[in-house]
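Peer 1: Going by this note's numbering, the first residue of the sequence shown is number 55, and it counts up by one from there.
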Amino acid sequence: MPQDGPQAGPRRAAPWCRLLGAFLAVALLSACDGPQSVLVPAGEDASQIDRLFRVMLAGAIVLWLGMNGLFYFITRRYTGAISRRRAEAVILGGGVALPVVVITALLVWGLSIMPDQRAPGDGLRVRIVGEQFWWRVEYWPEGAEAPVVSANELRLPVGQRSEILLDTADVIHAFWIPALGGKMDMIPGRTNRMTLVPTEAGTFRGACTEFCGLSHALMALNAVTLPEPAFADWLAAEAGPARAAEGPGRDLFFREGCGACHALRGTPAQGAVGPDLTHLGSRTSLASGILPMTAEALAGWIRDPQAAKPGAEMPAYDHLTEDELATLAAWLEGLE
Ligand code: CUA
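#1: Start and end of the alpha helix (DSSP H) containing E207?
#2: Just to check my reading of the structure: I167 and Q102 have Cβ atoms closer than 8 Å, yes? What is that Cβ distance to the nearest angstrom?
#3: Using alpha carbons as the reference points, say which of R304, S269, G120 lies closest to V225.
#4: Could you tell me whether the Cβ atoms of V202 and E292 are closer together than 8 Å?
#5: Could you work out which residue in N246, G388, E264 is closest to G301 when comparing CA atoms only?
#6: Measure the Cβ-Cβ separation of Q186 and C315 and say whether it is below 8 Å.
#7: In whole angstroms, what is the alpha-carbon distance linking A299 and W385?
#8: Should D372 go down as buried or exposed, given a rule of 16 or more other Cβ atoms within 10 Å for buried?
#9: Whole beta strand (DSSP E) runs in the stretch 114-201 with 3 or more residues, listed along the chain?
#10: Taking its Cβ as the centre, do 16 or more other Cβ atoms sit within 10 Å of D99, making it buried, or is it exposed?
#11: Just to be sure I understand the criterion: a residue counts if its Cβ is closer than 6 Å to at least one heavy atom of the ligand CUA. Which residues meet that?
#12: For S336, collect the residues of the same chain with a Cβ closer than 6 Å to its Cβ; drop the 5 residues on either side in sequence, then sort them by chain order.
#13: What's the C-alpha gap between I231 and F258?
#14: Measuring CA to CA, which of P211, E310, T332, C312 is closest to L318?
#15: Is it buried or exposed for I136, if we count other Cβ within 10 angstroms and need 16 for buried?
#16: At which residue ranges does the stretch 277-361 contain complete alpha helix (DSSP H) runs of 4 or more residues, listed in the order of the chain?
#17: Between the C-alpha atoms of T279 and T245, what's the straight-line distance to the nearest angstrom?
#18: Taking all protein chains shown into account, decide if E196 is buried (16 or more other Cβ within 10 angstroms of its Cβ) or exposed.
#19: Beta-carbon separation of A272 and M240 under 8 Å?
#20: Within this structure, are the beta carbons of L391 and T381 separated by less than 8 Å?
#21: Measure the Cβ-Cβ separation of G213 and N276 and say whether it is below 8 Å.
#22: Consult DSSP for G97 and reduce its assignment to one of helix, strand or coil.
#23: Going straight from the alpha carbon of P364 to that of G148, what length do you get?
#24: When the distance is taken between beta carbons, is V191 closer than 8 Å to E217?
#25: Are there 16 or more other CB atoms within 10 angstroms of the CB of T222, so buried, or fewer, so exposed?
#26: What do you get for Q57, buried or exposed, if any count of 16 or more other CB atoms within 10 angstroms of its CB means buried?
#27: Where does M121 land, buried or exposed, given buried means 16+ other C-beta within 10 angstroms?
#28: Just mark C71 as buried or exposed, buried being the case when its beta carbon has 16 or more other beta carbons within 10 Å.
#29: Provide the residue span of the beta strand (DSSP E) that contains A261, from first to last.
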């Protein structure tokens with residue numbers, strides 16, 4: 055045994071180090087990119103959170119290395135006796151004084167960025183209501199008396215601080231678009247408020263981050279950020295009536311009673327139970343972020359919504375023929 059001592063240390067450490075290296079490499083390479091990453095901020099608020107995270111991560115690494123270095127030194131390298139006074143100094147210094155200083159500094163810094171995350175908006179207010187399992191979205195431009203109603207997608211102007219009012223129609227949901235800012239709960243009976251300033255134009259992905267039922271994991275949404283003029287054009291178009299062309303698709307929509315649950319502005323369809331479909335075809339996804347906006351996906355969704363989203367409240371229309379489904383889906387996709 056004695057001759058193992060000096061050699062066994064480094065040999066034993068090697069696989070352990072390789073494991074740590076592999077873990078760090080995987081952690082660094084995966085999940086760093088993509089439209090739903092906190093590590094690729096595209097908004098002022100997300101950048102602040104990202105900075106806080108990186109400083110805390112660096113601090114945690116330094117502390118981890120320091121603690122393990124100390125442990126290694128004491129158990130493997132230090133051979134002398136330790137006086138009681140010295141031991142107490144280490145405990146008080148490293149166990150009380152250092153954490154108090156570090157945690158107080160982080161707390162003060164963390165609290166100092168919170169007012170920015172709730173700063174007054176520049177004019178646009180967006181009310182988002184969580185439903186099972188989709189998002190009702192209402193745009194209230196400054197001075198508007200009625201909202202522009204949409205669903206399952208959030209569009210925001212770049213460089214402007216928009217106010218987001220969060221509400222729920224049923225259970226607790228939570229709203230989070232990691233690239234733009236922090237997450238916030240949607241709680242029955244109250245309206246939570248946050249503000250977001252996108253700094254880049256693009257499409258980012260968000261998700262519901264509070265368990266809300268069977269299809270919680272299928273409750274996503276895309277956030278599309280646009281330069282100010284493009285956003286104004288989009289909002290003006292979104293406020294307009296549906297381009298609900300006459301034809302067999304429209305006939306099917308009304309014959310099947312779709313308008314009892316869904317609204318198509320400018321038509322007799324005024325239902326408010328399900329998502330507003332006025333400009334459905336111009337959205338970047340179907341079924342709140344889980345299906346592509348194609349006629350094929352629309353037909354499948356109408357035939358059996360439960361297949362794509364268990365627990366969804368929309369009933370299946372599996373009594374329609376394939377031809378009818380295709381006709382209705384193509385017409386809906388044309389609602390741009
Ligand atoms: Cu809505 Cu989870």
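Every residue, glycine too, gets a C-beta built ideally from N, C-alpha and C.
Peer 2: So, from the data block:
#1: The residue labelled residue 207 in the question sits at position 153 within the sequence shown. Counting along the chain, E207 falls outside any alpha helix (DSSP H), though it belongs to the beta strand (DSSP E) covering 207-211.
#2: Translated into the one-based positions of the sequence shown, residue 167 becomes position 113. Translated into the one-based positions of the sequence shown, residue 102 becomes position 48. Yes, they are in contact, since the Cβ atoms of I167 and Q102 sit about 5 Å apart, within 8 Å.
#3: Within the sequence shown, the letter at position 171 stands for residue 225. Considering only alpha carbons, the answer is S269.
#4: Here residue 202 refers to the residue found at position 148 of the sequence shown. Here residue 292 refers to the residue found at position 238 of the sequence shown. Their beta carbons are under 8 Å apart, which means V202 touches E292 by this criterion.
#5: In the sequence shown, the residue the question calls residue 301 occupies position 247. Out of N246, G388, E264, G388 has the C-alpha closest to the C-alpha of G301.
#6: Reading the sequence shown from its first residue, position 132 is the one you call residue 186. Reading the sequence shown from its first residue, position 261 is the one you call residue 315. Going by C-beta atoms, Q186 is not nearer than 8 Å to C315.
#7: As a position in the sequence shown, residue 299 is number 245, starting the count at 1. As a position in the sequence shown, residue 385 is number 331, starting the count at 1. Rounded to the nearest angstrom, the two C-alpha atoms are 8 Å apart.
#8: Translated into the one-based positions of the sequence shown, residue 372 becomes position 318. Exposed: under 16 other Cβ atoms inside 10 Å.
#9: 179-185, 188-194
#10: Numbered from 1 along the sequence shown, position 45 holds the residue referred to as residue 99. Classification for D99: buried.
#11: G184, F187, H227, C262, E264, F265, C266, H270, M273
#12: Taking the first residue of the sequence shown as 1, we reach residue 336 at position 282. Closer than 6 Å at Cβ, skipping near neighbours: E390.
#13: The sequence position of residue 231 within the sequence shown is 177, counting from 1. The sequence position of residue 258 within the sequence shown is 204, counting from 1. I231 and F258: Cα-Cα distance of roughly 7 Å.
#14: Residue mapping note: residue 318 aligns to position 264 of the sequence shown, counting from 1. It is T332 whose Cα lies nearest to the Cα of L318.
#15: Position 82 of the sequence shown, counted from the start, is the residue given in the question as residue 136. Label assigned to I136: exposed.
#16: 282-293, 302-309, 349-357
#17: Within the sequence shown, numbered from 1, the residue matching residue 279 stands at position 225. Within the sequence shown, numbered from 1, the residue matching residue 245 stands at position 191. Approximately 24 Å, taken between the alpha carbons.
#18: Locating residue 196 in the sequence shown gives position 142, where the first residue counts as 1. With fewer than 16 other Cβ atoms within 10 Å, it is exposed.
#19: Position 218 of the sequence shown, counted from the start, is the residue given in the question as residue 272. Position 186 of the sequence shown, counted from the start, is the residue given in the question as residue 240. Going by the sequence as given, residue 272 is Leu instead of Ala. No.
#20: Here the chain has residues from 55 to 390 only, and residue 391 is not among them.
#21: For this step, residue 213 is matched to residue 159 along the sequence shown. For this step, residue 276 is matched to residue 222 along the sequence shown. No, they are not a contact pair.
#22: Position 43 of the sequence shown holds residue 97. Here G97 sits in strand by DSSP.
#23: Position 310 of the sequence shown, counted from the start, is the residue given in the question as residue 364. Position 94 of the sequence shown, counted from the start, is the residue given in the question as residue 148. Each residue's Cα considered, the two are about 52 Å apart.
#24: Here residue 217 refers to the residue found at position 163 when the sequence shown is read from its first residue. Here residue 191 refers to the residue found at position 137 when the sequence shown is read from its first residue. No; because the gap between Cβ atoms is not below 8 Å, this pair is not in contact.
#25: For the purposes of this step, residue 222 is taken as the residue at position 168 of the sequence shown. Buried: at least 16 other Cβ atoms inside 10 Å.
#26: Here residue 57 is taken as the residue at index 3 of the sequence shown, counted from 1. Confidence in Q57 is poor, its pLDDT being 45 and thus under 50, which makes the residue's placement unreliable; the coordinate value appears in the next sentence. By the 10 Å Cβ count, Q57 comes out exposed.
#27: Within the sequence shown, numbered from 1, the residue matching residue 121 stands at position 67. Exposed: under 16 other Cβ atoms inside 10 Å.
#28: Within the sequence shown, the letter at position 17 stands for residue 71. So C71 counts as exposed.
#29: The residue given as residue 261 occupies position 207 in the sequence shown. Note, A261: beta strand (DSSP E), 256-262.
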